[in-house]
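Residue numbers (the numbering used here): 2 to 268.
Next comes the structure, spelled out in structure tokens:
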């Protein structure tokens with residue numbers, strides 16, 4: 002059975018939800034923008050994840066992206082056209098996505114096809130397992146725009162790949178390939194791109210078959226770091242709000258939006 006969570010800003014649903022046996026698959030569906038997260042998409046994603054979490058027959062959740070990218074991050078063109086208060090509300094929504102994934106009663110697997118950048122990478126960090134395609138790339142480019150990470154990356158990323166690698170990702174904004182991500186421990190498997198979703202669903206079904214023990218173990222793993230993560234989310238929300246209000250970030254976002262507008266205006 003397949004159900005859709007409609008987006009208010011488009012005739013097409015920007016977040017899709019369908020069920021494959023015990024696994025609910027949530028798909029970011031804005032391939033023409035590499036699944037960049039608009040404000041409405043964030044709210045639709047929350048709705049889809051909450052629905053999947055409450056679905057009686059669902060025992061695991063897979064998060065993926067339509068087209069050639071998992072998620073290229075926040076929609077910076079939209080961010081450039083909003084005031085600081087609206088930006089803060091969007092960040093609050095993004096952090097709620099992270100909280101929903103981390104506190105869900107169902108384990109989650111990220112099926113990473115193509116780019117996972119910025120907020121897109123942060124979504125994968127909130128999942129229990131991450132499977133990537135060979136063409137996947139990863140980056141935390143926020144510093145290039147005068148911004149900072151927002152969804153618990155300051156705690157989640159170091160816990161997965163170590164403080165040294167995490168600092169390198171967060172401070173330089175460099176892009177890394179799937180081979181590096183596997184060696185660093187950022188992802189658990191790397192496969193041909195056309196096998197990623199099926200493998201993630203199979204992993205979800207495997208976890209679903211051991212639901213009770215899996216969820217008890219998830220709780221053991223997360224309980225020790227829960228307070229640190231909550232504090233990190235609060236710090237990140239405050240800090241990114243401060244960064245967004247600087248002249249540097251304002252100029253960078255406007256330039257990004259202008260470049261995109263010029264590209265889209267080309268015949």
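Glycine included, every Cβ here is placed at the ideal spot set by N, Cα and C. All values derive from a computational prediction rather than experimental measurement.
Mind checking which residues open and close the alpha helix (DSSP H) that includes residue 88? 85–104
Quick test of your reading: residue 74 and residue 42, contact by CB under 8 Å. State the CB separation rounded to the nearest angstrom. Incorrect: roughly 12 Å between the Cβ atoms, too far for contact.
Answer with buried or exposed for residue 193, where buried requires no fewer than 16 other C-beta atoms within 10 angstroms of its C-beta. exposed
Give me the Cα-Cα distance between residue 132 and residue 189, rounded to the nearest whole angstrom. Cα to Cα, residue 132 sits roughly 6 Å from residue 189.
In terms of residues, what are the limits of the beta strand (DSSP E) holding residue 132? 130–134
Suppose the cutoff is 6 Å on Cβ atoms and the five residues either side in sequence are ignored; what does the same chain contact list for residue 176 look like? 138, 140
Bridge partners of residue 197, per DSSP? DSSP, once it has assigned bridges, lists no residue as partnering residue 197.
Taking the C-alpha atoms as reference points, what is the distance between residue 78 and residue 38? 10 Å
Specify the secondary structure class of residue 6 as computed by DSSP and reduced to three states. Low confidence applies to residue 6: its pLDDT is 46, below 50, so where it sits in the model is not reliable enough to give any reading.
Indicate whether residue 185 and residue 152 have their beta-carbon atoms separated by less than 9 Å. no
In three-state DSSP terms, what is residue 263? helix
Three or more C-beta pairs closer than 8 Å, one from the region 107–116 and one from the region 152–169: is that the case here? no
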